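Take a look at the structure set out below.
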Ligand SMILES: CC(C)(COP(=O)(O)OP(=O)(O)OC[C@H]1O[C@@H](n2cnc3c(N)ncnc32)[C@H](O)[C@@H]1OP(=O)(O)O)[C@@H](O)C(=O)NCCC(=O)NCCS
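Numbering (our numbering), first residue to last: 608 to 805.
In structure tokens form, the structure reads like this:
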């Protein structure tokens, strides 16, 4: 058996990665509160779950929620969010291009709003599994891309996203309440290889 298969078996036995249910929300909120300064109210989680139940994943360990990834579908005319234009490489879009895109373009994207794994359970591949499932679900939606915002200092998260092919394409100055900047990271999808893995 390969090392990867052993790890996968371990994950399957100890951890259950599945779609979220309404009763998971308090557990998700606890993971969020313990892991991130960006917190949301109960109604926000339940609205996302109600509208996009196939884009909300949890990790369960001995009956406890220890991780989650929550996303929603968004429509945009912004080519940066669709993975069609890299602002960090090519500079900001011109006002004329913005106007043209606004009139003629509509991209379907999946916005990864929040992902977290409780500290003692990190480094076991759970974040990767959550992200992998999110990407596959986005492909099943025929989305053009998956995008997210991440603190510029959040190396573990940035590495995780880069491992799956996400690229930093924009910087948003003072995006967070404490003044830290955010990278926008995008994964452009081809929507062809949409296997179901959960
Ligand atoms: C980001 C997070 C979800 C990763 O979860 P995880 O279960 O530890 O992730 P994995 O074990 O699947 O690791 C995936 C990759 O992330 C990177 N990574 C994970 N921990 C890391 C660390 N401490 N330092 C650097 N890179 C790290 C590695 O590239 C790793 O891949 P590898 O094991 O093949 O090297 C987790 O660290 C977390 O919950 N952080 C707090 C919440 C947060 O910052 N969320 C993101 C907001 S944008």
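We put the CB at the ideal spot given by N, CA and C, even for glycine. Predicted model, so just to flag it, every value in this text is computed and none were measured.
- In the DSSP assignment, residue 657 falls within the unbroken alpha helix (DSSP H) covering 649 to 658.
- Contact check for residue 662 and residue 775: beta-carbon distance about 23 Å, past the 8 Å limit, so the pair fails to qualify.
- Residue pairing from DSSP places residue 624 in a beta bridge opposite 666.
- Here residue 667 is near residue 623, since their CB atoms are less than 8 Å apart.
- Residue range 702 to 711 is occupied by the alpha helix (DSSP H) that includes residue 710.
- Taking all protein chains in view, the Cβ of residue 722 is crowded by 16 or more other Cβ atoms within 10 Å, so the residue is classified as buried.
- For residue 764, the shortest C-beta to heavy atom distance toward ligand 1 is below 7 Å.
- With a cutoff of 8 Å on beta-carbon distance, residue 715 and residue 751 are scored as near each other.
- When secondary structure is reduced to three states using DSSP, residue 748 falls in the coil class, being assigned neither helix nor strand.
- When the beta-carbon positions are compared, residue 793 and residue 771 stay at least 8 Å from each other.
- If the five residues before and after residue 783 are omitted, its C-beta is found closer than 8 Å to the C-beta atoms of 644, 645, 758 and 789, all from its own chain and listed in chain order.
- Taken through DSSP and simplified to helix, strand or coil, residue 689 comes out as coil.
- Secondary structure of residue 643 (DSSP, three-state): coil.
- Between residue 733 and residue 755, the gap from beta carbon to beta carbon reaches 8 Å or more.
- For residue 755, the CB falls within less than 7 Å of some heavy atom of ligand 1.
- Bounds of the alpha helix (DSSP H) holding residue 768 are 762 to 770.
- Closer than 7 Å to some heavy atom of ligand 1: that describes the Cβ of residue 730.
- Per the coordinates, the alpha-carbon of residue 711 lies some 31 Å from the alpha-carbon of residue 740.
- The Cβ-Cβ distance between residue 703 and residue 753 does not fall below 8 Å.
- Within the same chain, 624, 664, 666, 674, 675, 676, 722 and 724 come within 8 Å of residue 737 by CB-CB distance, once the 5 residues on both sides are set aside.
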